[in-house]
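Chain order of the listed sequences is A and B.
Sequential numbering from 893 applies to the first sequence in this note's numbering.
Sequential numbering from 893 applies to the second sequence in this note's numbering.
Note that beta-carbon positions come from the ideal geometry of N, C-alpha and C, so glycine has one too.
Beneath this line is the structure, given in structure tokens, with notes to follow.
Protein chains: 2
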Amino acid sequence: MQIPTFDDATAARERIAPYIHRTPVLTSSYLNERTGAQLFFKCENFQKAGAFKVRGASNAVFGLPEEIAQKGVATHSSGNHALSLSYAAGRRGIPCYVVMPRTAPQAKKDAVIGYGGTITECEPSTSSREEVFAQVHARTGADFVHPYNDPRVIAGQATCSMELLEQTDGLDAVVAPIGGGGMISGTCLSLSTLAPEVAIYAAEPEQADDAARSFRAGHIIADDAPQTVADGLKVPLKDLTWHFVKTHVSDILTASEEEIIAAMKLIWQRMKIVMEPSSAVPLATILKNPDVFAGKRVGVIITGGNVDLDKLPWMQG
Amino acid sequence: MQIPTFDDATAARERIAPYIHRTPVLTSSYLNERTGAQLFFKCENFQKAGAFKVRGASNAVFGLPEEIAQKGVATHSSGNHALSLSYAAGRRGIPCYVVMPRTAPQAKKDAVIGYGGTITECEPSTSSREEVFAQVHARTGADFVHPYNDPRVIAGQATCSMELLEQTDGLDAVVAPIGGGGMISGTCLSLSTLAPEVAIYAAEPEQADDAARSFRAGHIIADDAPQTVADGLKVPLKDLTWHFVKTHVSDILTASEEEIIAAMKLIWQRMKIVMEPSSAVPLATILKNPDVFAGKRVGVIITGGNVDLDKLPWMQG
């Protein structure tokens, strides 16, 4: 296990600067009144490829030595990591191989192809995904970039909270969603050096609360196939991200599906931004735990904006 | 007819500064590639009360002498002007009387009340609206602030393109939606002094193209009850706004309902912002007229973000 250092994060910041946006921090006087806190929303939904994942993916891609880079990069993902890695590889002009379940939304497939990625489809099961990915990996010799359990990826995600700190005038806490733990680990990596006084909270769907249960149990608990509207947060912690979670996170808070959807709609209505269900979990937990956050200056990571506009969760059923 | 001057716009800017946002200008590399132009989106969907209308409303409200202000302000509107005037009056602490059709969306009524406005309902017809408004006006003695045909309102709207000019490094053209013509008139007012080389285009739904027909005929043509998804753009030009349109506008371009909805969805998907159908008409006309805009630096006014998230136009039918 190679734990990324603060120097890795500093290097990542310089390396990826030409390829990413310094995303804006938005505020809402309505949501401040409603929560009693001062909320600073770091809007990674405006990021290149529509999500913070492009930070880690770009750091991995642009850190490769030329002879390795020529063979390209590979990953398995049906979500934002697939788009982000394809985008970064496209910017460097190297191949990107993505294994995606054949059931993945066509819009996501189109986006990967639009960025120049090559898709190999698998069945929507872990065994098929692993088998197909092993074949692609062996055939191409491409460098595997894991969606989150990779020191280069975590160092890249760390650049998000570096910016957030500069864009705000002191914070008491930061809340970010937790799935596999890449964003939270990056947040821990930068804040533990730059601002160790800032409390770090992870926000998770009740229906996919494996990280919260891991946190209380003291070891990784992985669920098989959790179901939640926050589709970016279904994956389990791994050794690297677990290291950061157990070392630096103050607490992991959870919210129900209804609370997540209500928070998502509230952000769309009041802040006029398009973001994913996963990105609404932090506000849902803040609304649910006013005692924890009232009177505090709180950074909130809006992780991404890639959502199917034809299937908004408040319009289902 | 009292035509507002550039000095009125300068005074408006200072007067309203404490009550409005200096909204951001966003860009999209995807939309630049797609149109061949460089587009600069002035995001008034992030404005206080969710629309540019708060500029003109605030200028009217905060310009009133104290003895007149005490009696409050009044208007008839089922849209953003009602919200904006209520917001501005609330900030000054004076009454605001709004006549709204009883059929107006409950969300809009709730927002007016939330800002402290008082609603009197009328039937959804011009005659009922005029009759009820005359009663309210006579009873309260409040100052009538017309949604667009008012020099104070036009001077307020002019502050939007003043900011846009400062936020961009030179423009060849600006495109804004046209309904009654308040935003376009304000744009003409500021650009004709600050940057007369910038061509001003108005964008209008084909199904409510009374301004385009007025422009070609050389006199105001008003339609009775046009039907369009761009519900902010159904009202006709009036003498003040017609003066600016005929004097300074280069052309009025139109787009079909399908083109407007497609442009709206494209902006949501690619720019991750929530905005109204009316705000999509400029991009729809730019996509339809590539020869006019290719190679140019074009300011695009995103006029507002107050949309019913339960009734998105691409999900109807």
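Where residue i falls, given that 16 or more other Cβ within 10 Å makes a residue buried
| i | result |
| --- | --- |
| B/T1139 | exposed |
| A/Y922 | exposed |
| B/K1130 | buried |
| B/K1126 | buried |
| A/T882 | Shown here, chain A extends from 893 to 1209; a query on residue 882 of chain A therefore has no answer. |
| B/Q1231 | Residue coverage of chain B in this structure runs from 893 to 1209, which leaves residue 1231 of chain B outside it and unanswerable. |
| B/K861 | This structure leaves residue 861 of chain B out entirely; chain B is present only between 893 and 1209. |
| B/A1152 | The residue you asked about is not Ala; residue 1152 of chain B is Ile in the sequence shown. Classification of B/I1152: buried, given that the 10 Å Cβ count is 16 or more. |
| A/R1044 | buried |
| B/K1203 | exposed |
| B/T1110 | Reading the sequence as shown, one finds Gly at residue 1110 of chain B and not Thr. With fewer than 16 other Cβ atoms within 10 Å, it is exposed. |
| A/Q939 | buried |
| B/S978 | buried |
| A/M1156 | buried |
| A/G1196 | buried |
| B/P1205 | buried |
| A/A1117 | exposed |
| B/H913 | exposed |
| A/M893 | exposed |
| A/R1031 | exposed |
Reference residue i; option with closest CA among the options
| i | options | result |
| --- | --- | --- |
| A/Q1099 | A/E1149, A/A1091, A/F898 and A/I1144 | A/E1149 |
| A/H968 | A/Y979, A/A1026 and A/A952 | A/A1026 |
| B/G876 | B/G964, B/Q962, B/A909 and B/A1147 | No answer is possible for residue 876 of chain B: it lies beyond the span of chain B, which begins at 893 and ends at 1209. |
| B/R926 | B/A1095, B/I1159 and B/I1194 | B/I1159 |
| B/L966 | B/G1006, B/K1001, B/G1033 and B/C935 | The amino acid occupying residue 966 of chain B in the given sequence is Ala; Leu does not appear at that position. Checking every option, the nearest Cα to that of B/A966 belongs to B/G1033. |
| A/R984 | A/A952, A/A974, A/V990 and A/M1054 | A/A952 |
| B/G964 | B/H1029, B/I1152, B/S1084 and B/L975 | B/H1029 |
| A/L931 | A/D1061, A/P1016, A/I912 and A/E958 | A/D1061 |
| B/L975 | B/G1008, B/P1169, B/C1080 and B/D900 | B/G1008 |
| A/D1101 | A/D1115, A/P1088, A/H1111 and A/G1110 | A/D1115 |
| B/Q1119 | B/S1170, B/L956 and B/C1080 | B/S1170 |
| B/G1124 | B/Q1161, B/S1142, B/A1087 and B/N1198 | B/N1198 |
| B/Q998 | B/S970, B/T1018, B/M893 and B/E1023 | B/S970 |
| B/L1083 | B/Y1040, B/P1097 and B/A1065 | B/A1065 |
| B/I895 | B/W1134, B/I1144, B/Q1161 and B/M1163 | B/W1134 |
| B/T915 | B/D900, B/I1070, B/G942 and B/T902 | B/G942 |
| B/V1191 | B/D899, B/M893 and B/T919 | Correcting the residue type first, residue 1191 of chain B is Gly in the shown sequence and not Val. Checking every option, the nearest Cα to that of B/G1191 belongs to B/T919. |
| B/P993 | B/G982, B/G1006 and B/E1023 | B/E1023 |
| B/K1164 | A/D1183, A/L1201, A/M1207 and A/I1005 | A/L1201 |
| B/T1018 | B/P1128, B/A1103, B/P1088 and B/F1136 | B/P1128 |
| A/E958 | A/R1162, A/D1035, A/T1010 and A/G1074 | A/D1035 |
| A/F1136 | A/N1041, A/I1005, A/P1016 and A/H973 | A/N1041 |
| A/V1037 | A/P1182, A/G1006 and A/L956 | A/L956 |
| A/E1182 | A/A1103, A/M1207, A/R1162 and A/L1145 | First, the residue type needs correcting, since residue 1182 of chain A is Pro and not Glu in the sequence shown. Answer by Cα proximity: A/L1145. |
| B/I1005 | B/G982, B/P1016 and B/E1015 | B/G982 |
| A/V1121 | A/E1168, A/S950, A/I1112 and A/D900 | A/E1168 |
| A/V1184 | A/D1143, A/A961, A/A1154 and A/M1207 | A/D1143 |
| B/T973 | B/M1054, B/S950 and B/I1113 | The sequence as given places His at residue 973 of chain B; Thr does not occur at that position. Ranking B/M1054, B/S950 and B/I1113 by Cα distance to B/H973 puts B/S950 first. |
| B/P1088 | B/I960, B/M1054 and B/D900 | B/M1054 |
Cβ-Cβ separation, residue j to residue i (assumed contact under 8 Å), whole Å
| i | j | result |
| --- | --- | --- |
| A/N937 | A/V1166 | 7 Å |
| B/A1068 | B/I1193 | 4 Å |
| A/L1063 | A/R1189 | 5 Å |
| A/K934 | A/V946 | Wrong, their Cβ atoms sit about 14 Å apart, outside the cutoff. |
| B/A1147 | B/A929 | Between B/A929 and B/A1147 the Cβ distance is about 16 Å, and since that is not below 8 Å, they are no contact. |
| A/Y891 | A/A980 | Limits of chain A in this structure are 893 at one end and 1209 at the other, which puts residue 891 of chain A out of reach. |
| B/I1076 | B/V1141 | 7 Å |
| B/I1046 | B/G1078 | 5 Å |
| B/V991 | B/R1021 | 6 Å |
| A/C1080 | A/F944 | Actually they are not in contact, since the Cβ atoms of A/C1080 and A/F944 sit about 15 Å apart, beyond 8 Å. |
| B/F954 | B/T1085 | That pair is no contact at about 23 Å. |
| B/C988 | B/T1012 | Not confirmed; about 11 Å, so no contact. |
| A/G1073 | A/P1039 | A/G1073 to A/P1039, Cβ: 10 Å. No contact. |
* At what residue ranges does the segment 986 to 1050 of chain B contain a whole run of the alpha helix (DSSP H), taking only runs of 4 or more? -> 998 to 1006 and 1018 to 1032
* 3-residue-minimum beta strand (DSSP E) runs that sit fully inside the segment 1140 to 1178 of chain B, ordered along the chain -> 1143 to 1147
* To do: Inspect the CB distances between the segment 1089 to 1098 of chain A and the segment 1174 to 1183 of chain A and report whether three or more fall short of 8 Å.
  => yes
* Fully enclosed by the segment 1058 to 1112 of chain A, which beta strand (DSSP E) runs are 3 residues long or longer? -> 1065 to 1069 and 1091 to 1097
* **Complete runs of the alpha helix (DSSP H) confined to the segment 904 to 928 of chain B [at least 4 residues]** => 921 to 927
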